[in-house]
Each structure stands twice: as structure tokens, then as C-alpha cells.
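Peer 1:
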Amino acid sequence: CLICQQVKIEHQRASGLLQQLDIPVWKWDEISMDFVSGLPQTQRRHDAIWVVVDRLTKSVHFLPIRKDYSVSRLKFSTAFHPQTDGQSERTIQTLKDTLCSCALEWTGNWDNYICLVEFANNNSWHASIKCAPFEMLYSRKCRALICWDQVGERVIEGRKMIEVTNAKFAVAKEKLKEARTRQKSYAD
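In my numbering, the protein residues as written are 110 to 297.
1) Straight-line CA distance for residue 248 to residue 196?
2) Which residue from 167, 168, 166 and 160 puts its Cα closest to that of residue 174?
3) With a 10 Å radius around its C-beta and 16 neighbouring C-beta atoms as the bar for buried, classify residue 290 as buried or exposed.
4) Using C-beta distances below 6 Å, list every residue in its chain close to residue 139, excluding the 5 sequence neighbours before and after it, in chain order.
5) Just tell me which of 294, 269, 230 and 272 has its CA closest to the CA of residue 166.
6) Take residue 232 and list the residues in its own chain whose beta-carbon comes closer than 6 Å to its own, dropping the five residues that flank it on each side.
7) Using DSSP with H/G/I as helix, E/B as strand and the rest coil, what is residue 149?
8) Applying the criterion that 16 or more other CB atoms from any shown protein chain within 10 Å of the CB defines a buried residue, is residue 219 buried or exposed?
9) Let me check one thing: in DSSP terms, what residues is residue 170 bridge-paired to?
10) Count the other CB atoms within 10 Å of the CB of residue 177; is the residue buried (16 or more) or exposed (fewer)?
11) Compute the Euclidean distance between the alpha carbons of residue 149 and residue 129, then round it to the nearest angstrom.
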């Protein structure tokens, strides 16, 4: 209610200007990661997912784990912290949406199918890089089983592969700069 909103104590610091992270130089140089817990335990006793996201290419890895796994010497970030970019949080939301939509079919063994969710995520178009993470990471479109009969795509080798990769990353960095500018204008 309006009165409650006016009298309740604010527990967060006043927001300032958006402090953005630097754009990584190369793929998998910088990652963001988080954990999704509270999932139903599978036959292999997995009840959580370790989410790892490459900050440049937006490629993800979803690793089924047990919540009681121990980790040491990790730097943890919290949601809404000014030095985080929200990448893992957004990826986790997509992961949760996908898992929820498939929950009835994957009851009890979601860890057998998490690789399919990862594949789908890595082959989905991302607005910030203007292509799929797979394409950004490997400098070519993914040739899934459904596309193996396509013809006309040349095999890129050697120097040409390096040129194509460097051109892709130049475009990725430019698109990330554009996305950062949009984010900053929305936040500030």
C-alpha cells in the first residue's frame, strides 16, 4: 500500500550511475558464474546447476552438480552489485524458464537433458552481440543435425579462419559497446 511504501525503511544504498565492466579482450578471458539450486534431485543426486557464461561471446556451460559440493577461494558477487553485469542472472532466468517448460517431460532426470538446454541457449540469437554465441565463439554457424544436408558452405581453413575470427570479434566488441551505451542510458 502507499502508506507502507512511504514509511518503510530503505535497506539499499541510493542508486548511482551505472558502473560497467570492461569488455573482455578474447573469448573465455572473463566469465561470470552462478549457481541454480533448489532443483529436484535426480537419480545421480544432482540438485543444482553451475552456470558459467563467457562475457564476450555469451557462450554458456550448464553443469549439473550436487548442492553439497564445496568450493574454495571464489569471489562471489551479489545481484544488483554495481560491479556485476547481470549476465549470469539473465542467463539463469532463461535457464529456469526452459527447465519449467520441460519439467513434466524430464521429471527425475533433468540432468540427462541439460546439455540440450545449453545447446539451445548457445544457438539462440543474442541482442548484445547480434548473433548466436556459438557463431561468435567458433566464427561459423552451428551445423546441427537438421542442417547437415546443407550445401554451399565452404570449409574455412588457416589464415582465412584467423581473419574471419578476428573480424567476428571486432564486430562483437562493437556490438557490446553499443549494448553498453544503451544499458547506461536506461540505467542513468
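Glycine residues also receive a C-beta, built at the ideal position from the N, C-alpha and C atoms.
Peer 2: Quick answer:
1) 22 Å
2) 160
3) exposed
4) 133 and 164
5) 230
6) 241, 243 and 251
7) coil
8) buried
9) 161
10) exposed
11) If I take the Cα positions, the gap works out to 36 Å.
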